[in-house]
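Beneath this line is the structure, given in structure tokens, with notes to follow.
There are 2 protein chains.
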Amino acid sequence: MKPRWKGKGSEAKASADPMSKIVSQLHSSLIRSVARGLLLSRNVLIEADAELSYLFNRTRFGRSRITSQEEKQWFQLDMEEAFYLCFSLECLKGIGKDGSIKSNKELWEYSKSEKPAFPISYKAYSHLRHKNWVVRSGLQYGVDFIAYRHLPALIHSEYAVLALSKGDNELNGRLRVWSDVHCTVRLCGSVAKTLLVLFVDSNSQGTSSSCLEHYTVEEETITRWNPEQSREDQTSLRNQTNLGTI
Amino acid sequence: MKPRWKGKGSEAKASADPMSKIVSQLHSSLIRSVARGLLLSRNVLIEADAELSYLFNRTRFGRSRITSQEEKQWFQLDMEEAFYLCFSLECLKGIGKDGSIKSNKELWEYSKSEKPAFPISYKAYSHLRHKNWVVRSGLQYGVDFIAYRHLPALIHSEYAVLALSKGDNELNGRLRVWSDVHCTVRLCGSVAKTLLVLFVDSNSQGTSSSCLEHYTVEEETITRWNPEQSREDQTSLRNQTNLGTI
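So the protein lines, in turn, are chains P and F. Heads up: the first sequence runs through residues 1 to 246, numbered per the numbering used here. Heads up: the second sequence runs through residues 1001 to 1246, numbered per the numbering used here.
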């Protein structure tokens, strides 16, 4: 499936303004503002000024949350998003309800306790973010994430992503039976996305986030095979025959 | 979701010609022709004359198969369809490759050996057929069956059906995780069907088909909840306010 840009000039705009550059601007802005994220159940809340709000929106980290404090803007990040800023980009610190700053190890333990599949889903999320894909929740399509090549304002999302643990499929239990594969591929087709399955091999059983380095990711796309498309083109075949008889 | 009839007059046509009557015509025709079905892997092949072909097509049992024998027509039935005709309607006999007629018990054992989930899927299939639904394979949507209120020529299918074993979910493994539920409900919505889950409680562990009588079926539909639809109608609310001020 080809990338589906939104309107003329979108592709040119995107290549003039690469995602890596925008994320790097967010990185600088977070470091400058000594950003803190408040851990709240399975989310992290971050107060944002105008510049930070603009960059969060551009990079698609979190969602803006309207509060009664008109002058302040808050962003609500998923655990994967927050941990990526804390651990991979090192530009955010998580704080608990008591105001204490959490170490990466504490944040890792906290995330795992809130979401047992966190190590797998985080590895998949960071794997795609490292390659400069814009990654959002895939909840509405029944997948873990959806991935955009660039800003969602410029292009439709291309991949519906499932993050599966390679060794232990009990953890998430998707694609165990054919009917589930059919259902997922059919849905992806009808919303013009390709199903991307990331098999995360969590061979290292370390307790800290450093074990992530030893995780490996295998990427597989699953698409429908269309027998018609795989046949010899009937038109060109006819043309060849005509040439032969002429 | 309301039934989606295909064009004007379809609903009237359907009520003038109930499905129970058409199935009963098929029943008589099969008995008259002393029909035999050849077991072939996970399918049953039946030779059909013009009348039988017409009735198979109307009741949507099996699919017509083109062969080199022009004067003969063959229908290929799934195991559930064939067993329904053999066991529930008692108008078909299954024969093995050696030409021997199979008893219901032998047919039951054969079906279970070809398809371990057969007792569950058959109970779901027969449950719907008994209620005069037209039941077809749901393979292309990643579900077990799709169900039509009447002939597919007159109406679109209304339900995407999953048959799940109540006690032992390992057998089929669908809807174990939320993302699978989301995916399935989203797909059903986009193809205008309601997800119908039939939980089959196979409390009796008998080895013969007679244990089917003790199986119970719980029907559940799963649909998206639309918060907008559940709110008070804004228009009528405005009208009431206007009346109040007048």
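Idealized CB from N, CA, C, for every residue including glycine.
Residue burial classification, residue i (beta-carbon count within 10 angstroms, cutoff 16)
{"i": "F/HIS1150", "result": "buried"}
{"i": "P/ALA192", "result": "exposed"}
{"i": "F/SER1299", "result": "What the structure shows of chain F is the stretch from 1001 to 1246, and residue 1299 of chain F is not part of that stretch, so it cannot be assessed."}
{"i": "P/MET19", "result": "buried"}
{"i": "P/ARG136", "result": "buried"}
{"i": "F/THR1067", "result": "exposed"}
{"i": "P/ARG247", "result": "No information on residue 247 of chain P is available, as it lies outside the stretch 1 to 246 that chain P covers here."}
{"i": "F/ASP1144", "result": "buried"}
{"i": "P/LEU39", "result": "buried"}
{"i": "P/HIS214", "result": "exposed"}
{"i": "P/TRP225", "result": "exposed"}
{"i": "P/LEU26", "result": "buried"}
{"i": "F/THR1216", "result": "exposed"}
{"i": "P/THR59", "result": "buried"}
{"i": "F/ASP1078", "result": "buried"}
{"i": "P/GLU218", "result": "exposed"}
{"i": "F/ALA1082", "result": "buried"}
{"i": "P/GLU80", "result": "buried"}
{"i": "P/SER210", "result": "exposed"}
{"i": "F/SER1157", "result": "buried"}
{"i": "F/SER1190", "result": "exposed"}
{"i": "P/ALA35", "result": "buried"}
{"i": "F/SER1202", "result": "buried"}
{"i": "F/SER1179", "result": "buried"}
Short CB-CB distance (under 9 angstroms) between residue i and chain F
{"i": "P/ARG176", "result": "yes"}
{"i": "P/THR184", "result": "yes"}
{"i": "P/VAL143", "result": "yes"}
{"i": "P/ASP49", "result": "no"}
{"i": "P/LEU237", "result": "Interpretation of P/LEU237 is limited by its pLDDT of 48, a score under 50 that renders its predicted location unreliable; the figure taken from the coordinates is listed afterwards. Chain F, which has no Cβ nearer than 9 angstroms to the Cβ of P/LEU237, makes this no."}
{"i": "P/SER202", "result": "no"}
{"i": "P/GLY173", "result": "yes"}
{"i": "P/LEU38", "result": "no"}
{"i": "P/LEU198", "result": "no"}
Integer Cβ distance of residue i from residue j, believed to fall under 8 angstroms
{"i": "P/VAL197", "j": "P/LEU164", "result": "6 angstroms"}
{"i": "P/CYS86", "j": "P/GLY94", "result": "6 angstroms"}
{"i": "P/ALA124", "j": "P/ILE146", "result": "Contact doesn't hold; Cβ gap of about 12 angstroms is too wide."}
{"i": "P/LEU52", "j": "P/SER28", "result": "Wrong, their Cβ atoms sit about 11 angstroms apart, outside the cutoff."}
{"i": "F/THR1184", "j": "F/THR1223", "result": "Contact doesn't hold; Cβ gap of about 11 angstroms is too wide."}
{"i": "P/LEU45", "j": "P/TRP74", "result": "6 angstroms"}
{"i": "P/LEU92", "j": "P/GLY37", "result": "5 angstroms"}
{"i": "P/ARG186", "j": "F/TYR1141", "result": "6 angstroms"}
Min CB distance residue i to chain P below 9 angstroms
{"i": "F/SER1190", "result": "yes"}
{"i": "F/VAL1161", "result": "no"}
{"i": "F/LEU1154", "result": "no"}
{"i": "F/SER1028", "result": "no"}
{"i": "F/VAL1181", "result": "yes"}
{"i": "F/GLN1025", "result": "no"}
{"i": "F/GLN1140", "result": "yes"}
{"i": "F/LEU1187", "result": "yes"}
Length of the line joining the Cα atoms of residue i and residue j
{"i": "P/LYS6", "j": "P/VAL134", "result": "16 angstroms"}
{"i": "P/LEU55", "j": "P/LEU30", "result": "10 angstroms"}
{"i": "P/ARG129", "j": "P/SER100", "result": "28 angstroms"}
{"i": "F/VAL1200", "j": "F/HIS1127", "result": "10 angstroms"}
{"i": "F/LEU1175", "j": "P/PHE118", "result": "20 angstroms"}
{"i": "F/ALA1050", "j": "P/LYS2", "result": "48 angstroms"}
{"i": "F/ASN1242", "j": "P/GLU114", "result": "In this prediction, F/ASN1242 scores a pLDDT of 43, lower than 50, which makes its location untrustworthy; the coordinate-derived value is nonetheless stated afterwards. Roughly 50 angstroms separates the two Cα atoms."}
{"i": "P/VAL177", "j": "P/SER121", "result": "21 angstroms"}
{"i": "P/VAL181", "j": "P/ASN57", "result": "33 angstroms"}
{"i": "P/LYS8", "j": "P/ALA14", "result": "11 angstroms"}
{"i": "F/ALA1048", "j": "F/ASN1132", "result": "23 angstroms"}
{"i": "P/GLY138", "j": "P/PRO152", "result": "14 angstroms"}
{"i": "P/PRO227", "j": "F/TYR1148", "result": "28 angstroms"}
{"i": "P/GLN76", "j": "P/TYR84", "result": "14 angstroms"}
{"i": "P/GLU220", "j": "F/ARG1004", "result": "38 angstroms"}
{"i": "P/LEU212", "j": "P/GLN229", "result": "41 angstroms"}
{"i": "F/LYS1021", "j": "F/ALA1012", "result": "15 angstroms"}
{"i": "F/LYS1112", "j": "F/ASN1104", "result": "12 angstroms"}
Residue i CB to nearest heavy atom of the ligand SAH below 8 angstroms
{"i": "F/TRP1133", "result": "As far as ligands go, the structure on display features none, and thus does not contain the ligand SAH."}
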